[in-house]
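Participant: Numbering follows this note's numbering, with no gaps: position 268 of the sequence shown is 304. This is the structure I have questions about; it appears just below.
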Amino acid sequence: MRALLTGGAGYIGSHVALELLERGHEVVVIDDLSNSSRESLRRVEELSGRKVDLYVADLSDIDATREIFVASNPDAVIHLAGLKAVGESVADPIRYYRTNLGCTFTLVQVMREFRVKKLVFSSSATVYGTIADLPVSESSVVGQGITNPYGQTKAMIEQILQDVAVTDPEMQLTILRYFNPIGAHESGRIGEDPRQVPNNLLPFVSQVAAGVREEVSVFGDGFATPDGTGVRDYVHVVDLARGHVAALEASLGGVRAFNLGTGHGSSVLQVIKAFSRVARRSIPYKVVAPRLGDVAVSYGNVVKAAEELGWVAQRTLEDACRDAWRWQLANPYGYSSQANSFVPERLDPKPDGCGVVPPP
Ligand code: NAD
Ligand code: WQD
Numbered sequence: 037m038r039a040l041l042t043g044g045a046g047y048i049g050s051h052v053a054l055e056l057l058e059r060g061h062e063v064v065v066i067d068d069l070s071n072s073s074r075e076s077l078r079r080v081e082e083l084s085g086r087k088v089d090l091y092v093a094d095l096s097d098i099d100a101t102r103e104i105f106v107a108s109n110p111d112a113v114i115h116l117a118g119l120k121a122v123g124e125s126v127a128d129p130i131r132y133y134r135t136n137l138g139c140t141f142t143l144v145q146v147m148r149e150f151r152v153k154k155l156v157f158s159s160s161a162t163v164y165g166t167i168a169d170l171p172v173s174e175s176s177v178v179g180q181g182i183t184n185p186y187g188q189t190k191a192m193i194e195q196i197l198q199d200v201a202v203t204d205p206e207m208q209l210t211i212l213r214y215f216n217p218i219g220a221h222e223s224g225r226i227g228e229d230p231r232q233v234p235n236n237l238l239p240f241v242s243q244v245a246a247g248v249r250e251e252v253s254v255f256g257d258g259f260a261t262p263d264g265t266g267v268r269d270y271v272h273v274v275d276l277a278r279g280h281v282a283a284l285e286a287s288l289g290g291v292r293a294f295n296l297g298t299g300h301g302s303s304v305l306q307v308i309k310a311f312s313r314v315a316r317r318s319i320p321y322k323v324v325a326p327r328l329g330d331v332a333v334s335y336g337n338v339v340k341a342a343e344e345l346g347w348v349a350q351r352t353l354e355d356a357c358r359d360a361w362r363w364q365l366a367n368p369y370g371y372s373s374q375a376n377s378f379v380p381e382r383l384d385p386k387p388d389g390c391g392v393v394p395p396p
């Protein structure tokens, strides 16, 4: 299959690209590089020995997106593009609604124009909000008790896809609800490359282990959990990427949602200890106030993905910490060659202003 990955230069997208290439699929990427760089895909090419066609464009630009569909003729789309920082979404909700919803509107419209019927969408367990029973299954209520605009965009996009499916019964729309993706490819060549102070626990812990930051702030130890700290379902990014391959290759009709997680939770302190073990160094931390909007516990029921996609996460928390640590040591500045050198890439519009840079 020739798969078009929106946001394919990013953390999860680059791992999905590699797994697809290794399964023999072709990969085309549309990414505006607002939170990523070409280097991730250059390394994917190096690891796979195969070519990735990267189009640098804003997915919400419909003319550019049409042009990319003409040039690449995809069989299916995996839609990962969007903004993902929870705190930033609270500070600038309109930007989040405009980008995440706008990209999806454009994509779905162009897919319909070009009769591309298969879409896999990057959703999040955040759509279950704060009121779901544990472990959270796909039949839990979606869209209630969501505490931030980022999560709202995911729930809204899921609803939009449900509505689209009604108008076109031939569409195959697969919604993947990720729990907490962590880790890196075992080669240490691709991984997570946060541009600012990391929002998520794992990259923060990794930077403390490396001495880039002083200590981890543990957001609360008074939750109703065994050690009082928050519990999450951490899933290795390579397992997650393979879930996308399984979703792409499955023949599913209509809209189907799947949890992608391990089915069990680990606490913040367990994560710090696991990382400390694999990095063989102590990781200083201090307990601070809980973060607004955080739930105590979240982990998924993952039976549906096993039964219908044949997908089960294989890797452990230790595996993910080890791979994240290998990535951190080999790439202390991520994909850059020096600290703080990231400048978002400007789109190079063609003379007609459509904003597409064709693959070299
Ligand atoms: P990421 O920021 O690394 O990747 C997103 C990519 O989208 C980036 O390469 C960015 O440059 C690109 N992009 C952003 N706006 C764009 C636009 N208008 N046009 C074209 N490209 C655009 O993030 P990620 O962690 O790889 O996440 C991928 C997807 O998975 C996102 O939709 C995210 O919301 C979702 N998700 C991520 C997590 C997580 O913890 N990382 C959890 C649940 C869901
Ligand atoms: C994990 C645990 C924190 C940082 C978020 C989004 C979700 C998805 C994944 C993406 C929690 C604790 C964290 C720190 C800490 N995002 N923590 N100190 O909040 O479960 O999920 O990322 O697209 O939608 O909501 O992940 O990694 O931020 O936090 O103690 O410095 O670690 O309280 O218990 P979260 P996280």
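By construction, the Cβ of each residue, glycine as well, lies at the ideal position given by its N, Cα and C atoms.
On the DSSP bridge list, what partners appear for Pro-368?
Facilitator: Residue mapping note: residue 368 aligns to position 332 of the sequence shown, counting from 1. Its beta-bridge partners do not exist; DSSP assigns none.
Participant: Considering just the uninterrupted stretch of the beta strand (DSSP E) at Ser-50, what are its terminal residues?
Facilitator: As a working mapping, residue 50 is identified with position 14 in the sequence shown. That residue, Ser-50, is in no beta strand (DSSP E); its alpha helix (DSSP H) goes 47-58.
Participant: Is Phe-311 near ligand 2, going by C-beta to nearest heavy atom under 7 Å?
Facilitator: Position 275 of the sequence shown, counted from the first residue, corresponds to residue 311. Because no heavy atom of ligand 2 lies under 7 Å away, the Cβ of Phe-311 does not count as near it: no.
Participant: Quick check on DSSP: helix, strand or coil for Ala-349?
Facilitator: Your numbering for residue 349 matches position 313 in the sequence shown. In this structure, Ala-349 counts as coil in the three-state DSSP scheme.
Participant: Would you report the Cα separation of Ser-50 and Glu-251, rounded to the nearest angstrom?
Facilitator: Within the sequence shown, the letter at position 14 stands for residue 50. Within the sequence shown, the letter at position 215 stands for residue 251. The straight-line gap from Cα to Cα measures roughly 29 Å.
Participant: List in chain order: all unbroken alpha helix (DSSP H) runs of 4+ residues lying wholly within the region 221-294.
Facilitator: For the region 221-294, whole alpha helix (DSSP H) runs of length 4 or above, ordered along the chain, are 237-245, 273-285.
Participant: Does the separation of the CB atoms of Asp-269 and Ser-173 fall below 8 Å?
Facilitator: The residue you call residue 269 lines up with position 233 of the sequence shown. The residue you call residue 173 lines up with position 137 of the sequence shown. Against a cut-off of 8 Å, the Cβ pair of Ser-173 and Asp-269 comes out as no contact.
Participant: If you reduce the DSSP assignment to three classes, tell me which class Gly-44 lands in.
Facilitator: Here residue 44 corresponds to residue number 8 of the sequence shown, with the count starting at 1. Of the three classes helix, strand and coil, the one that applies to Gly-44 here is coil, per DSSP.
Participant: For the region 108-195, list the beta strand (DSSP E) runs that are entirely contained and at least 3 residues long, ordered along the chain.
Facilitator: Runs of the beta strand (DSSP E) inside the region 108-195: 112-115, 154-160.
Participant: Using only the heavy atoms of ligand 1, determine whether one of them is closer than 7 Å to the beta carbon of Gly-46.
Facilitator: Reading the sequence shown from its first residue, position 10 is the one you call residue 46. Yes; taking the cut-off as 7 Å, the Cβ of Gly-46 has a heavy atom of ligand 1 nearer than that.
Participant: For Gln-208, name the three-state secondary structure that DSSP assigns.
Facilitator: To locate residue 208, count along the sequence shown from 1; it is residue 172. DSSP places Gln-208 in strand when its eight states are reduced to three.
Participant: With 16 as the cutoff for other CB atoms within 10 Å, does Asp-398 come out buried or exposed?
Facilitator: With the chain represented from 37 up to 396, any question about residue 398 goes unanswered, as that position is not in the structure.
Participant: Does Val-338 come out as helix, strand or coil in the three-state DSSP assignment?
Facilitator: Position 302 of the sequence shown, counted from the start, is the residue given in the question as residue 338. In this structure, Val-338 counts as coil in the three-state DSSP scheme.
Participant: What are the boundary residues of the beta strand (DSSP E) that Lys-87 is part of?
Facilitator: Position 51 of the sequence shown, counting from 1, holds the residue named residue 87. From DSSP, Lys-87 is part of no beta strand (DSSP E); its letter is neither H nor E.
Participant: For Asp-89, which option in Leu-77, Leu-83, Arg-102 has the closest C-alpha, if you only look at C-alpha atoms?
Facilitator: By one-based count along the sequence shown, residue 89 stands at place 53. The option with the nearest alpha carbon to Asp-89 is Leu-77.
Participant: Are the region 285-305 and the region 137-145 touching by the rule of at least three beta carbon pairs closer than 8 Å?
Facilitator: Short answer: they don't touch.
Participant: Between which two residues does the alpha helix (DSSP H) harbouring Ile-308 extend?
Facilitator: One-based indexing of the sequence shown puts residue 308 at position 272. Taken as a continuous stretch (DSSP letters only), the alpha helix (DSSP H) holding Ile-308 covers 304-315.
Participant: Do Leu-69 and Leu-45 have their beta-carbon atoms positioned less than 8 Å apart in this structure?
Facilitator: As a position in the sequence shown, residue 45 is number 9, starting the count at 1. As a position in the sequence shown, residue 69 is number 33, starting the count at 1. The residue asked about is misnamed: residue 45 is Ala in this sequence, not Leu. In contact: Ala-45 and Leu-69 (Cβ atoms closer than 8 Å).
Participant: If Val-271 sits next to Tyr-214, beta carbons under 8 Å apart, how far is it from one beta carbon to the other, in whole angstroms?
Facilitator: Numbered from 1 along the sequence shown, position 235 holds the residue referred to as residue 271. Numbered from 1 along the sequence shown, position 178 holds the residue referred to as residue 214. Contact holds; Cβ gap of about 7 Å.
Participant: Looking at the unbroken beta strand (DSSP E) that takes in Asp-67, where does it start and where does it end?
Facilitator: Start at 1 with the first residue of the sequence shown, and residue 67 comes out as number 31. It spans 62-67 - the beta strand (DSSP E) in which Asp-67 sits, taken as one unbroken run.
Participant: Measure the alpha-carbon distance for Gly-279 versus Asn-71 and round it to whole angstroms.
Facilitator: In the sequence shown, counting from the first residue as 1, residue 279 sits at position 243. In the sequence shown, counting from the first residue as 1, residue 71 sits at position 35. Using only the alpha carbons, I get a separation of about 23 Å.
Participant: Hey, is the region 219-232 in contact with the region 282-296, meaning 3+ C-beta pairs nearer than 8 Å?
Facilitator: As far as the Cβ criterion goes, the region 219-232 does not touch the region 282-296, which means the pair count is below three.
Participant: Closest Cβ-Cβ distance between Glu-344 and chain B: below 8 Å?
Facilitator: Reference to chain B is not applicable here, since this structure consists of a single protein chain.
Participant: Taking 6 Å as the limit between beta carbons, can you name the residues of its chain near Thr-183, skipping five residues before and five after?
Facilitator: Reading the sequence shown from its first residue, position 147 is the one you call residue 183. Here the set comprises Gly-329.
Participant: From the DSSP output, in three-state form, read off Gly-391 for me.
Facilitator: Counting from 1 along the sequence shown, the entry for residue 391 is found at position 355. Caution applies to Gly-391, whose pLDDT of 34 falls short of 50 and renders its modelled position unreliable; the value that the coordinates give is listed next. In the structure shown, Gly-391 sits in coil (DSSP, three-state: anything other than H, G, I, E or B).
Participant: Since Asn-216 is in the beta strand (DSSP E), which residue starts that stretch and which ends it?
Facilitator: Here the question's residue 216 lines up with position 180 in the sequence shown. Here the beta strand (DSSP E) through Asn-216 covers 216-218.
Participant: What are the partner residues of Leu-296, as DSSP defines its beta bridges?
Facilitator: Here residue 296 corresponds to residue number 260 of the sequence shown, with the count starting at 1. Tyr-214, per the DSSP bridge assignment.
Participant: Mind the definition here: the region 156-170 touches the region 332-351 only if three or more C-beta pairs lie below 8 Å; say whether that holds.
Facilitator: Taking 8 Å as the limit for Cβ pairs, the verdict is that the region 332-351 does touch the region 156-170.
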